[in-house]
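Here the sequence shown is numbered in full-length UniProt numbering, starting from 2 and rising by one per residue.
No residue lacks a Cβ here, since even glycine has one placed at the ideal position from N, Cα and C.
Okay, structure first, notes after.
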Amino acid sequence: AKAWHLVSRPQGLPTMDNFALRDLPDQPLEANQLRVRNRWLSVDPYMRGRMNDAKSYAASFQLGEPMTGGAIGEVVESRMDGFAPGDLILHMGGWRDGGVIGLDLMPNKLPRQLLDAGMPPQTFLHNMGLTGGTAWIGLLRVAAAKPGETVFVSAAAGAVGSAVVQIAKAREMTVIGSAGGAEKCAWVADIGADAAVDYKAGPVLPQLAAALEGLGKPGIDVYFDNVGGEHLDAAFAVANDFARFAICGMIDVYNDGHPQEMKYLIRTIPARIRMEGFIYTDQFFDCMEEFYADMGALIASGAVTIRETVHDGIDAAPEAFLGLFAGENIGKMLVRI
Ligand code: NDP
C-alpha cells in the first residue's frame, strides 16, 4: 500500500513539493487490526491547519509520516471482533490506498461499519457524515435557525454550504448563498437558495444588500460562515437585531492568515449579534441518531441532493486537496480509489 506523506510544512498555499507518495512497510496483522483496501478518501479544508506545526483542535501531521483523514475502506483481512472481509468501514486512515488500520485510526464513537441506509458508501464522508453533520449542527443547534428566518451562507456550492442551503430550505427559511462564479451560483439557486451572490463578480456587501432588498427582507437572522474575511464583514453590516453567527470555517485566511479589516464588526453591539465558533466533533456524538434520522429522511425525500467532485486514484489526492482552495469543487471533493 502507498500513502501520501507530509515532507515539508507549507508556507501559504501548499504545493506538490510538500507531499510525497511513499510505500508503506508490509506489516503482519496484529490483534485488533484490520487490513483494508480504501475505496474513497475525503479531502477537507481543515487538513490545511494540520499541515502547520501549531496547536489546534486537530493534531498536526508529523513530517515524514503518512497523513490521515476520513476514508471508506473495504476490509480484506480482520483480526478485530465484529469485522469480516468485505465489510465497508468508515475510518481515519485516509491519504492512502489501503493498509493496516488499528483502533488509533478508528475513533471509538464513530459508527465504524456503515449504516445500511441505502446510499452510496461515500455519502458517509459528506452529507451523512462530516460535512452534512457540520451543516446540521451549525445551522440548527449553534445558530438555532428557525422557520421564517433569513440565512446567509458562504461557500454555498461546497459540501458544508450546499447542505446548509438545503437543510434551511427544508425548514422553510429564506436563504442567500454566496459562491465563486456563475456556474456555482446557478447550482446554489437550483438547490433552492432564494438568491445567490457571486463574490468573484464584485464586492459581497452591495450584492448581499441587493439580494435582501429583492427578497423584501430587512437583513439576515443567521450567518453561516465558511469563509471569513469580506463575507463575514458584509454579514455584520446586514445583520438583524439578535442575529446569530455560526462560525464554521474561514477558508479565506487558511493559507495566508492576513488580517481583514472588519469595518462593520462594531454592529455586534447595537444589533446584539451572538457569534459562536464550533467544532463538529464537540456536538456530533450527542445528536448522531437524530442527525442520521433527519438527514437520512432529507436525502431520501430529495430535499437534500448529493453532488460530488471526484478525482480518481491515489496519485490525485494532493491535487484534489489543493482544488478546494481554488474552488474546483461543486459539492463534496472526493478521491475514488
Ligand atoms: P468546500 O466543499 O466548501 O470547499 C471549499 C470551497 O471554499 C471551495 O469550493 C471554494 O468555493 C471556497 N473557497 C476557497 N477559497 C475561498 C476564498 N478565499 N474565499 C471564498 N471562498 C473560498 O469545503 P467544506 O464544505 O469541506 O468546508 C467548508 C468550510 O467549513 C471550510 O471553511 C472548513 O474548514 C469548514 N469546516 C468546519 C468544520 C467544523 O467543525 N467547524 C467541519 C468541516 C468543515 P468557491 O468557488 O465558491 O470559492
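C-alpha gap between residue i and residue j, whole angstroms
| i | j | result |
| --- | --- | --- |
| Val-77 | Gly-130 | 23 Å |
| Trp-41 | Glu-214 | 43 Å |
| Phe-326 | Leu-233 | 18 Å |
| Ile-90 | Asp-117 | 12 Å |
| Glu-66 | Asp-257 | 24 Å |
| Ile-102 | Asp-27 | 13 Å |
| Pro-121 | Thr-135 | 20 Å |
| Met-68 | Val-228 | 25 Å |
| Lys-147 | Val-254 | 30 Å |
| Cys-186 | Gly-100 | 40 Å |
| Arg-10 | Asp-242 | 43 Å |
| Asn-316 | Val-336 | It should be noted that the sequence gives Asp, not Asn, for residue 316. Asp-316 and Val-336: Cα-Cα distance of roughly 9 Å. |
| Arg-113 | His-92 | 7 Å |
| Ala-321 | Met-251 | 19 Å |
| Ser-179 | Val-143 | 20 Å |
Candidates the options: closest to residue i by CA position
| i | options | result |
| --- | --- | --- |
| Glu-150 | Asp-45, Tyr-200, Phe-225 and Trp-188 | Phe-225 |
| Phe-246 | Gly-70, Gln-261, Lys-3 and Ile-274 | Ile-274 |
| Gly-217 | Asp-195, Glu-231, Gly-203 and Ala-236 | Asp-195 |
| Thr-175 | Gly-99, Glu-291, Gly-139 and Gly-220 | Gly-220 |
| Leu-25 | Met-17, Thr-16, Arg-36 and Ala-145 | Arg-36 |
| Leu-266 | Glu-291, Asp-287, Ala-238 and Gly-278 | Ala-238 |
| Glu-262 | Ile-252, Cys-249, Glu-231 and Phe-292 | Glu-231 |
| Val-311 | Cys-288, His-127 and Ser-155 | His-127 |
| Ile-300 | Leu-141, Ser-163 and Phe-153 | Ser-163 |
| Ala-156 | Ile-177, Leu-141 and Val-143 | Ile-177 |
| Leu-115 | Tyr-293, Ala-298 and Met-334 | Tyr-293 |
Min CB distance residue i to chain B below 8 Å
| i | result |
| --- | --- |
| Gly-217 | No chain B is part of this structure, which consists of one protein chain only. |
Anticipated Cβ contact below 8 Å, residue i with residue j, distance rounded
| i | j | result |
| --- | --- | --- |
| Ile-307 | Thr-124 | 6 Å |
| Tyr-49 | Ala-60 | According to the sequence as given, residue 49 is Arg; it is not Tyr. About 14 Å separates the two Cβ atoms, so there is no contact after all. |
| Met-171 | Ala-304 | Note that residue 171 corresponds to Ala in the displayed sequence, not to Met. Rounded, the Cβ-Cβ distance is 4 Å, consistent with contact. |
| Gly-181 | Gly-13 | So it is not a contact: roughly 19 Å between Cβ atoms. |
| Ala-197 | Val-189 | 4 Å |
| Gly-119 | Trp-96 | Incorrect: roughly 29 Å between the Cβ atoms, too far for contact. |
Buried or exposed (CB count within 10 angstroms, at least 16 for buried), residue i
| i | result |
| --- | --- |
| Gly-83 | exposed |
| residue 354 | Residue 354 lies beyond the residue range present for the chain, which begins at 2 and ends at 338; the question has no answer from this structure. |
| Asn-33 | exposed |
| Asp-222 | buried |
| Ile-331 | buried |
| Gly-87 | exposed |
| Ala-208 | Note on identity: in this sequence residue 208 is Gln, with Ala being the wrong assignment. Under this definition Gln-208 is a buried residue. |
| Ala-202 | exposed |
| Pro-108 | exposed |
| Glu-309 | buried |
| Asp-98 | buried |
| Thr-132 | buried |
| Met-17 | exposed |
| Pro-29 | exposed |
| Asp-106 | Per the sequence presented here, residue 106 reads as Leu, with Asp not at that position. The residue in question, Leu-106, is buried, as its Cβ has 16 or more Cβ neighbours within 10 Å. |
| residue 1 | Look at the range of the chain in this structure, 2 to 338, and you will see that residue 1 is not part of it. |
| Gly-94 | buried |
| Ala-235 | buried |
Quiz item: Taking the runs of the alpha helix (DSSP H) that are 4 residues or longer, which of them lie wholly in the region 145-214?
Solution: Correct list: 160-171 and 183-191.
Quiz prompt | Minimum length 4: unbroken alpha helix (DSSP H) runs contained in the region 258-316 | solution = Runs of the alpha helix (DSSP H) lying entirely within the region 258-316, each at least 4 residues long, are 281-285 and 289-302 in chain order.
Quiz item: Enumerated in chain order, which unbroken segments of the beta strand (DSSP E) with a length of 3 residues or greater are wholly contained in the region 72-138?
Solution: Runs found: 72-79, 89-92 and 99-103.
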